[in-house]
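*Asks:* Sharing a structure below in C-alpha cells format, with a few things to ask.
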Amino acid sequence: QKEVEQNSGPLSVPEGAIASLNCTYSDRGSQSFFWYRQYSGKSPELIMSIYSNGDKEDGRFTAQLNKASQYVSLLIRDSQPSDSATYLCAVWGRGAQKLVFGQGTRLTINP
Amino acid sequence: NAGVTQTPKFRILKIGQSMTLQCTQDMNHNYMYWYRQDPGMGLKLIYYSVGAGITDKGEVPNGYNVSRSTTEDFPLRLELAAPSQTSVYFCASRPGLAGDTQYFGPGTRLTVL
Chain A
2 QKEVEQNSGP LSVPEGAIAS LNCTYSDRGS QSFFWYRQYS GKSPELIMSI YSNGDKEDGR
62 FTAQLNKASQ YVSLLIRDSQ PSDSATYLCA VWGRGAQKLV FGQGTRLTIN P
Chain B
1060 NAGVTQTPKF RILKIGQSMT LQCTQDMNHN YMYWYRQDPG MGLKLIYYSV GAGITDKGEV
1120 PNGYNVSRST TEDFPLRLEL AAPSQTSVYF CASRPGLAGD TQYFGPGTRL TVL
C-alpha cells in the first residue's frame, strides 16, 4: 500500500461546478496534511493545510480531514478554468522529516 | 525575501558530463530537499538535509551527490550524466517547525542527450 494515494485522474469538471479531489494515507499517526497545486511547467505551490478533523475553508477551497478514516479531500467550488492544474496531496511521514506526496490528480475545468 | 532560488533554469548535458544544480534559500530554513519530477509523474525525493553538515538519502539517490556547508545553500551534483536523469529538478525548504510545510523553488529542467 502506498503511503499517500490520490484518486486516479484525469478529472474533468465543467466550469462553475464543484471539483472533488480525494486522498488517503496509511500512517494513522500523521498530524499535518497539505494540498499543493502545480500548473504545467511550474513548481508546486501550497494552497491549503489542515491539521484537525473537519472542514477548513479558504475562499473557494475547502479541505476536509477525517483521521479515523485516514482520508483528506479538497473541494473547489465554482470551478474556474484557471483551476486546471495537477493537485498534490502531501502528508508528513514518520519522524516528520520528509513530506510524502501522492502521485497527483490532474484536473481540467471545461468552459 | 527571494524565497528558494534555483540555477540554472534549463540545461542540456551530454552523456557522461557532470554538473551542479544550485539551490539557495534566504529564509533561514533548516530543512532542504531535492526532488525530481519526470513528465506526467509525481515527485521523487533524491536527498534532503536537516541542517548544515547533515544530509540523508531519499528514495532515488543513485547518480547524485549533495553537500550542505551553509544553511542557505544545498547544491545537487550529477556525476556522469545519463539519459535517465532527464527530468525537472525541484529544490524545497522548510523551517523545521511542527506543522510547517515545504516551499519550492522554480525548478531546473535538465535534458541529457
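As they're listed, the protein sequences go chains A and B. Numbering-wise, the first sequence is residues 2 to 112 according to our numbering. Numbering-wise, the second sequence is residues 1060 to 1172 according to our numbering. Think of the CB as a built atom: it goes at the ideal place given N, C-alpha and C, for glycine as much as any other residue.
Check whether the Cβ of Gln1084(B) lies closer than 8 Å to any Cβ atom in chain A.
*Replies:* As a working note, residue 1084(B) is residue 25 in the second sequence. No, Gln1084(B) does not count as interfacial toward chain A.
*Asks:* For Met1100(B) versus Cys1150(B), is the C-beta spacing smaller than 8 Å?
*Replies:* Here residue 1100(B) is taken as the residue at index 41 of the second sequence, counted from 1. Here residue 1150(B) is taken as the residue at index 91 of the second sequence, counted from 1. Taking 8 Å as the Cβ cut-off, Met1100(B) and Cys1150(B) do not qualify as a contacting pair.
*Asks:* Name the chain A residues whose beta carbon is nearer than 9 Å to that of Pro1165(B)?
*Replies:* The count along the second sequence starts at 1 and reaches residue 1165(B) at position 106. Lys43 and Ser44, listed in chain order.
*Asks:* So Arg1095(B) packs on Ser1128(B), CB below 8 Å; how close in whole Å?
*Replies:* Looking up residue 1095(B) in the second sequence gives position 36. Looking up residue 1128(B) in the second sequence gives position 69. Their Cβ separation, rounded to whole angstroms, is 22 Å, which puts Arg1095(B) and Ser1128(B) out of contact at 8 Å.
*Asks:* For Ser33(A), which option in Cys24(A), Pro82(A), Ala91(A) and Asp84(A) has the closest C-alpha, if you only look at C-alpha atoms?
*Replies:* Your numbering for residue 33(A) matches position 32 in the first sequence. Closest by alpha carbon: Ala91(A).
*Asks:* Rounded to the nearest angstrom, how far is the Cβ of Leu19(A) from that of Ser74(A), given a contact under 8 Å?
*Replies:* For the purposes of this step, residue 19(A) is taken as the residue at position 18 of the first sequence. For the purposes of this step, residue 74(A) is taken as the residue at position 73 of the first sequence. Note on identity: in this sequence residue 19(A) is Ile, with Leu being the wrong assignment. No, Ile19(A) and Ser74(A) are not in contact; Cβ-Cβ is about 11 Å, not under 8 Å.
*Asks:* What is the residue span of the beta strand (DSSP E) that Thr87(A) lies within?
*Replies:* Position 86 of the first sequence, counted from the first residue, corresponds to residue 87(A). First-last of the beta strand (DSSP E) with Thr87(A): Ala86 to Trp93.
*Asks:* Assuming Asn67(A) is part of the beta strand (DSSP E), what are its boundary residues?
*Replies:* On the first sequence, residue 67(A) is found 66 positions in, with the first residue counted as 1. Asn67(A) -> beta strand (DSSP E) spans Phe62 to Asn67.
*Asks:* When the Cα of Gly55(A) is compared with those of Pro45(A), Phe62(A), Leu66(A) and Gln98(A), which residue comes out closest?
*Replies:* Start at 1 with the first residue of the first sequence, and residue 55(A) comes out as number 54. Comparing Cα-Cα distances from Gly55(A) to each of Pro45(A), Phe62(A), Leu66(A) and Gln98(A), the minimum goes to Leu66(A).
*Asks:* Ignore the nearest five residues each way along the sequence and tell me which others in Leu47(A)'s own chain have a CB closer than 7 Å to its CB.
*Replies:* For the purposes of this step, residue 47(A) is taken as the residue at position 46 of the first sequence. Cβ neighbours of Leu47(A) beyond the five flanking positions: Phe35 and Tyr37.
*Asks:* Taking Arg1168(B) as the reference, which of Val1125(B), Thr1066(B) and Glu1118(B) has the closest Cα?
*Replies:* The sequence position of residue 1168(B) within the second sequence is 109, counting from 1. Closest option to Arg1168(B), Cα to Cα, is Thr1066(B).
*Asks:* Assign Tyr26(A) to buried or exposed, taking buried as 16 or more other Cβ atoms, counted over all protein chains shown, within 10 Å of its Cβ.
*Replies:* Here residue 26(A) refers to the residue found at position 25 of the first sequence. By the 10 Å Cβ count, Tyr26(A) comes out buried.
*Asks:* At the level of alpha carbons, what is the spacing between Phe1069(B) and Tyr1106(B)?
*Replies:* Start at 1 with the first residue of the second sequence, and residue 1069(B) comes out as number 10. Start at 1 with the first residue of the second sequence, and residue 1106(B) comes out as number 47. Near 21 Å, if we compare the C-alpha coordinates of Tyr1106(B) and Phe1069(B).
*Asks:* From which residue to which residue does the beta strand (DSSP E) around Leu1156(B) run?
*Replies:* Within the second sequence, residue 1156(B) is the residue found at index 97, counting from 1. Unbroken run through Leu1156(B): none, as it is neither H nor E.
*Asks:* Looking only at its own chain, which residues have a Cβ that is under 6 Å from the Cβ of Ile51(A), when we skip the five neighbours before and after it?
*Replies:* Residue mapping note: residue 51(A) aligns to position 50 of the first sequence, counting from 1. Cβ neighbours of Ile51(A) beyond the five flanking positions: Phe34, Lys57, Ala64 and Leu66.
*Asks:* Would the stretch 102-109 of chain A and the stretch 1151-1166 of chain B be scored as touching if the rule is three or more Cβ pairs under 8 Å?
*Replies:* Output reads no: the stretch 1151-1166 of chain B does not touch the stretch 102-109 of chain A.
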